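In my numbering, the protein residues as written are 2 to 304. Note that CB positions come from ideal geometry on N, CA and C, so glycine has one too. Remember, predicted model here, so these are calculated numbers, not experimental data. First the structure, in the form of structure tokens, and then the observations on it.
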């Protein structure tokens, strides 16, 4: 009877831990909204890892509390504790289970990494991914890692330049140079990212993607925005005194809104470019960002 009661208790506790972990994994609210299919892939992996972490936390903390109360020293008891011999089955379990979990996390994480970042076309990233993948599976996908994917003729290409302390967006084939990134929803986008001075990092939290902007090199980021909205662009690499103010906005719009923005800014940019050389235009955009940065600096100095 006692053994049956123990089995039932362990089963109920296990079910409760699993249920609590699954619920928290899908209702944690720790991540911002998603703006692309790649972000949804990342969130799915994050939630799975959180389910595992929550289950382990509840199990381990529960065992600690159980032992604290179950095996506490009774008043007046000065005897030694009972001798506990080795338990090969228990030791095998707590070695095998974490090993399986870590292997699963490693393989699944690399799959997500490969889908999200290999397509960005960064040569250093591809070389590292190819080397790691050969270690895991020397045959599978060897051909796909050898060469970058061909560029989709329908994708929108935008040149992104990071400079202290602003982001500059240029749309090839037009005369548009802007301090805002405007994109159409549902269309694949390729960002060619560079830096004019020091290392910056282009990061949109809602995309779950981040890419360094390196002087003298061009890195890439590819994604397909799937939610209309306004999203912050943040520099995620310490780049100088006003690093915290190096921000911009990404506007994901309907195709009609995007075409209207292109037409409007094409006309305005044509007039500006006819009067202002490229270098002066970039300097002008940079100066326009400085008042806000100066206000931030003044606020910090008063604190």
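Do residue j and residue i count as a contact pair if the criterion is CB distance below 8 Å?
{"i": "residue 50", "j": "residue 106", "result": "yes"}
{"i": "residue 189", "j": "residue 213", "result": "no"}
{"i": "residue 243", "j": "residue 166", "result": "yes"}
{"i": "residue 259", "j": "residue 183", "result": "yes"}
{"i": "residue 103", "j": "residue 43", "result": "no"}
{"i": "residue 55", "j": "residue 22", "result": "yes"}
{"i": "residue 240", "j": "residue 199", "result": "yes"}
{"i": "residue 210", "j": "residue 234", "result": "no"}
{"i": "residue 47", "j": "residue 60", "result": "no"}
{"i": "residue 178", "j": "residue 168", "result": "no"}
{"i": "residue 216", "j": "residue 253", "result": "no"}
Could you check what DSSP says for residue i in three-state terms: helix, strand or coil?
{"i": "residue 202", "result": "strand"}
{"i": "residue 37", "result": "strand"}
{"i": "residue 191", "result": "strand"}
{"i": "residue 112", "result": "helix"}
{"i": "residue 72", "result": "coil"}
{"i": "residue 28", "result": "coil"}
{"i": "residue 90", "result": "helix"}
{"i": "residue 169", "result": "strand"}
{"i": "residue 218", "result": "coil"}
{"i": "residue 44", "result": "helix"}
{"i": "residue 184", "result": "strand"}
{"i": "residue 238", "result": "coil"}
{"i": "residue 83", "result": "coil"}
{"i": "residue 255", "result": "coil"}
{"i": "residue 260", "result": "helix"}
{"i": "residue 15", "result": "helix"}
{"i": "residue 77", "result": "coil"}
{"i": "residue 266", "result": "helix"}
{"i": "residue 49", "result": "helix"}
{"i": "residue 133", "result": "The predicted position of residue 133 is uncertain, since its pLDDT is 38 and thus under 50; a value taken from the coordinates is nonetheless stated next. In the structure shown, residue 133 sits in a helix (DSSP, three-state: H, G or I)."}
Could you pull the DSSP bridge partners for residue i from this structure?
{"i": "residue 250", "result": "233"}
{"i": "residue 179", "result": "170"}
{"i": "residue 160", "result": "171 and 193"}
{"i": "residue 210", "result": "205"}
{"i": "residue 58", "result": "None, per the DSSP bridge assignment."}
{"i": "residue 223", "result": "191"}
Under the assumption that residue i contacts residue j (Cβ atoms under 8 Å), give the Cβ distance between them as a whole number of angstroms.
{"i": "residue 1", "j": "residue 192", "result": "Since the first residue of the chain shown is 2 and the last is 304, residue 1 is not available in this structure."}
{"i": "residue 186", "j": "residue 229", "result": "5 Å"}
{"i": "residue 194", "j": "residue 175", "result": "Between residue 175 and residue 194 the Cβ distance is about 19 Å, and since that is not below 8 Å, they are no contact."}
{"i": "residue 249", "j": "residue 181", "result": "6 Å"}
| message | Below 8 Å, how does it come out for the region 201 to 212 and the region 2 to 16: are there three or more Cβ pairs, yes or no? | response | no
| Touch test, the region 36 to 54 against the region 62 to 75, Cβ-Cβ under 8 Å, three pairs minimum | no
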